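Notes to accompany the following structure.
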Amino acid sequence: MQVREPTDQLTGVAETLMITLYARAIETRRPDPILSDAKAVEIAERLDYDFAKYEKGWGSQLGCALRVRTYDQIVRNFLETYPSAVIVNLGAGMCTRFSRIDNGEVHWYEVDFPEVIALRRKFFQENSRYQFIAQSILDFTWMDAIQRQPHQPMMILYEGVSPYLSEAENKALLQAIGNRFAPAEVLFDVMDRKRTRNTKGHDTVSKTNAEFKWGIDDSHELETWGPGIQLRQEEFYLTQFLDYPQRLPIVWRVISQLLPFVPLALFRNSGRIVRLQMGSYKS
210 MQVREPTDQL TGVAETLMIT LYARAIETRR PDPILSDAKA VEIAERLDYD
260 FAKYEKGWGS QLGCALRVRT YDQIVRNFLE TYPSAVIVNL GAGMCTRFSR
310 IDNGEVHWYE VDFPEVIALR RKFFQENSRY QFIAQSILDF TWMDAIQRQP
360 HQPMMILYEG VSPYLSEAEN KALLQAIGNR FAPAEVLFDV MDRKRTRNTK
410 GHDTVSKTNA EFKWGIDDSH ELETWGPGIQ LRQEEFYLTQ FLDYPQRLPI
460 VWRVISQLLP FVPLALFRNS GRIVRLQMGS YKS
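The following block contains the structure:
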């Protein structure tokens, strides 16, 4: 019998990586998957962790799959324009995006807590273009480890991270990125303020010791956080729930048939991916 890797070192926010890992693994096993992530399945099967506590979290499972697919599309499009860009993935967890969209030229960094990176190293192999940084993303000295050529395009992303940071921490992170790396693009997802006030009601995060701390209702507010910050794109990925009515609970199927604008408005306001431009690239 294969010995499973222990996970009791992952507590608080670090444990939430299991939610997205589980969602990707479950999605991959479906007969009609939104995305395919064989690596997530492999990792989940080798971890000593109680994933069963997330089994009823249909919203998180579907939402994570849609979010991952949307991130993949945006990052892939960015690399089509800038194939040798630098990508920095903050709060990487067990993210497998590099394996899905590596184009053979991109320089990619995964940044997370030391205990998370230690676990990553059991499943992923670093190389000259794919490197790990074992630091909290709020310890801005991680920036010193990023190797970037003059004028080399850069995208920094942090998926499923911002709600666990306070407004002050989110602001400090964006300002530090702008001060150090502009011009660069930043890609992350946000929740609205109402949802962040109800961690205990969340279908999966409530099963951990993590807590939501920040949300925002108007993404344009981010443009006031520092000079040169421009909102370039918003993706209301949760509205794609309506493209999969067979996966919604019966009550939501009925509502979406009789009053489609109700779930559309709810899903649209609950969460979105924002893409910011920090400064501008030289032509």
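Quick note: the sequence shown uses our numbering, first residue 210, plus one each step.
Quick reminder that beta carbons are idealized off the backbone N, C-alpha and C, glycines included.
If you're wondering where the values come from, they're calculated on a predicted model, not measured in any experiment.
Helix, strand or coil at residue i according to DSSP, with G and I counted as helix
i: G480; result: strand
i: N336; result: strand
i: E368; result: coil
i: V315; result: coil
i: I438; result: strand
i: I252; result: helix
i: L219; result: coil
i: E214; result: strand
i: I502; result: Residue numbering for the chain in the displayed model covers 210 to 492; residue 502 lies beyond these limits and cannot be assessed.
i: D452; result: helix
i: F341; result: strand
i: E443; result: strand
i: L347; result: coil
i: L244; result: coil
i: Q466; result: helix
Residue i at chain D interface by Cβ criterion, 7 Å
i: D427; result: Absence of chain D from the displayed structure is noted, only one protein chain being present.
First through last residue of the alpha helix (DSSP H) which encompasses residue i
i: E289; result: W267 to T290
i: A354; result: Where A354 is concerned, there is no enclosing alpha helix (DSSP H), given that its DSSP letter is neither H nor E.
i: R306; result: R306 to I310
i: A381; result: E376 to F390
Option in the options with minimal Cα separation from residue i
i: F423; options: Y373, S415 and E394; result: In the sequence as displayed, the identity of residue 423 is Trp instead of Phe. Nearest C-alpha to W423: Y373.
i: Q340; options: E420, V320 and G437; result: V320
i: Y263; options: I296, T290, L431 and L226; result: L226
i: G268; options: D412, D426, N418 and G437; result: D412
i: W317; options: L485, L288 and L328; result: L288
i: R484; options: S308, E394, A377 and Q356; result: E394
i: M400; options: M352, R276, Q384 and R456; result: R276
i: R481; options: E444, R456, S489 and G488; result: E444
i: N298; options: Q344, R406, T290 and T417; result: Q344
i: P215; options: I355, P292, D257 and T229; result: D257
i: F332; options: E254, Q356 and L396; result: E254
i: V295; options: G488, R357, F322 and E432; result: R357
i: H360; options: P392, L366 and Q466; result: P392
i: I346; options: A419, Q282, T229 and I386; result: I386
i: G435; options: N388, S465 and D353; result: N388
Residue range of the beta strand (DSSP E) that includes residue i
i: V295; result: V295 to L299
i: A232; result: First-last for A232: L226 to R238, but that is the alpha helix (DSSP H), not the beta strand (DSSP E).
i: A327; result: No beta strand (DSSP E) contains A327, which is instead part of the alpha helix (DSSP H) from P323 to R329.
i: A393; result: A393 to M400
Exposure of residue i, with buried meaning 16 or more beta-carbon neighbours within 10 Å
i: S492; result: Note on S492: pLDDT 43, under 50, position unreliable in the model; no value is reported.
i: V212; result: exposed
i: G313; result: exposed
i: N379; result: buried
i: P362; result: buried
i: S371; result: buried
i: D398; result: buried
i: Q270; result: buried
i: G410; result: exposed
i: R306; result: buried
i: K248; result: buried
i: I459; result: exposed
i: Y367; result: buried
i: G221; result: exposed
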